[in-house]
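Chains as they are written, first to last, in my numbering: chain L, 3 to 161; chain Y, 3 to 161.
Glycine included, each C-beta is placed from N, C-alpha and C at the ideal position.
There are 2 protein chains.
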Amino acid sequence: MRMGEGVEWGLHCCLALAWLEDEAPVPTGRLAGLFELPPVYLKKQLQALVRAGILQSVPGVRGGFRLARAPAEITLMDVVAAVEGPSEAFRCAEIRQKGAGAEASAREFARPCGVATAMRRAELAWRRELAGQTLADLLAEAPPGAPGRIRRHYERHGA
Amino acid sequence: MRMGEGVEWGLHCCLALAWLEDEAPVPTGRLAGLFELPPVYLKKQLQALVRAGILQSVPGVRGGFRLARAPAEITLMDVVAAVEGPSEAFRCAEIRQKGAGAEASAREFARPCGVATAMRRAELAWRRELAGQTLADLLAEAPPGAPGRIRRHYERHGA
DNA sequence: GGTTCCGTACTCGGATAGTTGTTGTCCGAGTAATGAGGG
DNA sequence: CCCTCATTACTCGGACAACAACTATCCGAGTACGGAACC
């Protein structure tokens with residue numbers, strides 16, 4: 003089991019966008035420069051965030067991305083679901099109904115599989131924890147120098 | 003993000019082994035027959051459980067697998083970690099130190115990254131939930147007819 | 001008849017291909033600035 | 001001098017390869033049973 007790196011990229015980019023929120027829309031190349039990321043692939047991940055309604059994209063020259071909502075209204079769960087997809091990590095294939103289970107009565111399978119239930123419960127705890135933290139919380143915990151450093155780097159390497 | 007199907011296979015096979023624990027070691031082909039799984043690939047997954055100390059393998063003819071510990075001493079976390087690997091789902095690449103972060107003082111990175119901390123917290127909740135459930139709990143929740151059905155199917159399709 | 005030994009069949013173990021998902025890249029559609037031209 | 005408009009350069013959006021991980025499989029090492037030969 004593994005999580006794509008797009009999650010880390012997306013979260014850090016959202017934080018940067020929050021610190022630069024009074025600036026014009028930030029294009030992909032600038033965001034990529036802030037973290038030395040491959041620009042085009044980063045754009046792909048940002049597009050996923052746009053489809054999820056987390057970012058707002060402005061096309062054309064002087065275009066770019068900005069946050070679509072206030073940081074306090076964006077949970078980590080939103081970002082993770084947008085990048086990694088909404089499907090659950092554990093996918094029950096109902097193998098309990100195969101082989102030996104084929105002889106059982108159908109109504110025995112009305113209740114969900116115990117294995118799937120346990121896995122689902124764990125995943126729910128994970129989702130709940132992610133949904134309990136917002137970008138605003140991360141902004142508050144960030145080092146005091148980070149915002150200014152982002153802005154400085156942004157303007158220095160600006161057009 | 004996705005979880006391998008080996009987790010579901012491993013858990014169901016462990017439950018079946020618990021119900022058949024007074025039998026001789028169960029070979030791979032029999033276990034595969036219980037759930038209509040590809041026998042050779044299932045063996046690969048079971049080998050991972052052996053390496054983790056969850057199962058005990060007996061080589062040679064009349065060999066097979068059996069539980070290495072009591073079901074109450076095997077948590078779902080053990081099985082998941084054995085099959086999916088012990089590494090964490092979220093892997094922090096420390097991109098905060100790249101680009102704009104390169105200008106920051108080194109001691110600012112003494113504290114862990116806030117993004118990584120948040121993700122780690124969520125994953126810890128997931129692990130904690132998995133570690134709180136044992137195979138014995140799943141055995142207790144299983145339908146009453148399941149154990150007999152497994153044994154019956156096992157003896158019918160036996161040698 | 002009992003014992004020993006060998007052949008055989010069966011099982012685990014690790015090394016080897018095929019397929020799906022993730023990573024990385026490219027080209028086309030669309031937009032605002034920019035400069036020239038005209039009023 | 002101000003307004004209009006075509007040109008241009010830049011950015012997002014989705015379609016196209018390269019790589020890695022997961023899935024699936026095959027062959028070798030080891031072991032217990034079964035039978036035959038021998039005592």
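- Message: Helix, strand or coil, according to DSSP, for residue 32 of chain Y in the structure here?
- Response: The residue given as residue 32 of chain Y occupies position 30 in the second sequence. DSSP places residue 32 of chain Y in helix when its eight states are reduced to three.
- Contact list for residue 135 of chain Y against chain L, beta-carbon separation under 7 Å: Against the second sequence, residue 135 of chain Y aligns to sequence position 133. Within chain L, the residues near residue 135 of chain Y are 120.
- Determine the closest residue to residue 116 of chain L out of Y:133, Y:114 and Y:145, with distance taken between C-alpha atoms. Start at 1 with the first residue of the first sequence, and residue 116 of chain L comes out as number 114. If we check each option's Cα against that of residue 116 of chain L, Y:145 comes out closest.
- Query: What does DSSP give as the partner residues of residue 77 of chain Y in its beta bridges?
  - Reply: Within the second sequence, the letter at position 75 stands for residue 77 of chain Y. Paired residue(s): Y:136.
- Comparing alpha-carbon positions, which option in L:119, L:135, L:126 and L:16 lies nearest residue 143 of chain Y? For the purposes of this step, residue 143 of chain Y is identified with residue 141 of the second sequence, where counting begins at 1. Considering only alpha carbons, the answer is L:119.
- When DSSP labels each residue in this structure, what does residue 67 of chain Y get in the three-state scheme? For the purposes of this step, residue 67 of chain Y is identified with residue 65 of the second sequence, where counting begins at 1. Annotated three-state conformation of residue 67 of chain Y is strand, per DSSP.
- For residue 113 of chain Y, three-class secondary structure by DSSP: Taking the first residue of the second sequence as position 1, residue 113 of chain Y is located at position 111. It is coil, neither helix nor strand.
- Give the residues of chain L in contact with residue 67 of chain Y, contact being defined as C-beta atoms less than 8 Å apart. Your numbering for residue 67 of chain Y matches position 65 in the second sequence. Within chain L, no C-beta atom comes nearer than 8 Å to that of residue 67 of chain Y; the closest sits roughly 17 Å away.
- Message: So the candidates are L:138, L:151, L:141 and L:45; which of them puts its Cα closest to the Cα of residue 104 of chain Y?
- Response: As a position in the second sequence, residue 104 of chain Y is number 102, starting the count at 1. Residue 104 of chain Y has its Cα closest to that of L:151, out of L:138, L:151, L:141 and L:45.
- Item | residue 39 of chain L beta carbon less than 8 Å from that of residue 76 of chain Y | Taking the second sequence and counting its residues from 1, the one referred to as residue 76 of chain Y is at position 74. Taking the first sequence and counting its residues from 1, the one referred to as residue 39 of chain L is at position 37. Contact check for residue 76 of chain Y against residue 39 of chain L fails: the beta carbons are separated by 8 Å or more.
- Query: From the DSSP output, which residues share a beta bridge with residue 57 of chain L?
  - Reply: Taking the first sequence and counting its residues from 1, the one referred to as residue 57 of chain L is at position 55. According to DSSP, residue 57 of chain L bridges with L:69.
- Proximity to residue 11 of chain L [Cα-Cα], best of L:86, L:23 and L:93: As a first step, residue 11 of chain L must be located in the first sequence, where it is residue number 9. When the alpha-carbon of residue 11 of chain L is set against those of L:86, L:23 and L:93, the nearest one is in L:86.
- Query: Are residue 73 of chain Y and residue 20 of chain Y closer than 8 Å when you measure CB to CB?
  - Reply: If you number the second sequence from 1, residue 73 of chain Y lands on position 71. If you number the second sequence from 1, residue 20 of chain Y lands on position 18. Judged by their CB atoms, residue 73 of chain Y and residue 20 of chain Y are nearer to each other than the 8 Å cut-off.
- Message: Just to confirm the assignment, what range does the alpha helix (DSSP H) spanning residue 17 of chain Y have?
- Response: What you label residue 17 of chain Y is simply residue 15 of the second sequence in a count that begins at 1. For residue 17 of chain Y, the uninterrupted alpha helix (DSSP H) run begins and ends at 8-21, by DSSP.
- Message: Measuring CB atoms only, is the stretch 80-94 of chain L touching the stretch 44-55 of chain L, in the sense that at least three cross pairs come out at less than 8 Å?
- Response: The stretch 80-94 of chain L is in contact with the stretch 44-55 of chain L.
- Could you confirm whether any beta carbon from chain Y is found closer than 8 Å to the beta carbon of residue 105 of chain L? Within the first sequence, the letter at position 103 stands for residue 105 of chain L. Cβ-Cβ to chain Y under 8 Å: yes for residue 105 of chain L.
- 8 Å Cβ shell around residue 3 of chain Y - same chain, five flanking residues per side excluded: Translated into the one-based positions of the second sequence, residue 3 of chain Y becomes position 1. Cβ within range, chain order: 91.
- Query: residue 23 of chain L: buried (16+ other C-beta within 10 angstroms of its C-beta) or exposed?
  - Reply: Taking the first sequence and counting its residues from 1, one reaches residue 23 of chain L at position 21. The residue is exposed, with fewer than 16 neighbouring Cβ atoms inside 10 Å.
- Near-chain L residues of the stretch 123-148 of chain Y (beta-carbon distance less than 7 Å), N- to C-terminal order: For the stretch 123-148 of chain Y, which is checked against every Cβ of chain L, the residues closer than 7 Å are 123, 124, 125, 127, 128, 131, 132, 135, 140, 143, 144, 145 and 147.
- Show which residues of chain L have a CB atom less than 9 Å away from the CB atom of residue 100 of chain Y. As a first step, residue 100 of chain Y must be located in the second sequence, where it is residue number 98. The answer, in chain order, is 36, 37, 38 and 39.
- Message: Could you compute how far the alpha carbon of residue 59 of chain Y sits from the alpha carbon of residue 42 of chain Y?
- Response: Residue mapping note: residue 59 of chain Y aligns to position 57 of the second sequence, counting from 1. Residue mapping note: residue 42 of chain Y aligns to position 40 of the second sequence, counting from 1. Roughly 15 Å between the two C-alpha positions.
- Query: Does DSSP classify residue 93 of chain Y as helix, strand or coil?
  - Reply: The count along the second sequence starts at 1 and reaches residue 93 of chain Y at position 91. The answer is coil: DSSP assigns residue 93 of chain Y none of H, G, I, E or B.
- Message: Looking at the strands, I want to know which residues DSSP matches up with residue 4 of chain Y.
- Response: Walking along the second sequence from the start, residue 4 of chain Y turns up at place 2. Under DSSP, the beta-bridge partners assigned to residue 4 of chain Y are L:4.
- Message: On the CB-based measure, 16 or more other CB atoms within 10 Å of its CB, does residue 14 of chain Y come out buried or exposed?
- Response: Here residue 14 of chain Y corresponds to residue number 12 of the second sequence, with the count starting at 1. That one is buried.
- Excluding the 5 residues preceding and the 5 following residue 149 of chain L in the sequence, name in chain order all residues of the same chain whose CB lies nearer than 6 Å to its CB. Taking the first residue of the first sequence as position 1, residue 149 of chain L is located at position 147. Cβ within range, chain order: 21.
- Item | Where residue 170 of chain L falls, given that 16 or more other Cβ within 10 Å makes a residue buried | One cannot answer for residue 170 of chain L here, as it falls past the ends of chain L, which runs 3 to 161.
- Contacts that residue 116 of chain Y makes with chain L (C-beta to C-beta distance below 8 Å): Your numbering for residue 116 of chain Y matches position 114 in the second sequence. 140, 143 and 144, listed in chain order.
- Task: Would you please verify whether the beta carbon of residue 31 of chain L is less than 8 Å from any beta carbon of chain Y?
- Result: Position 29 of the first sequence, counted from the first residue, corresponds to residue 31 of chain L. It does not; no Cβ of chain Y falls within 8 Å.
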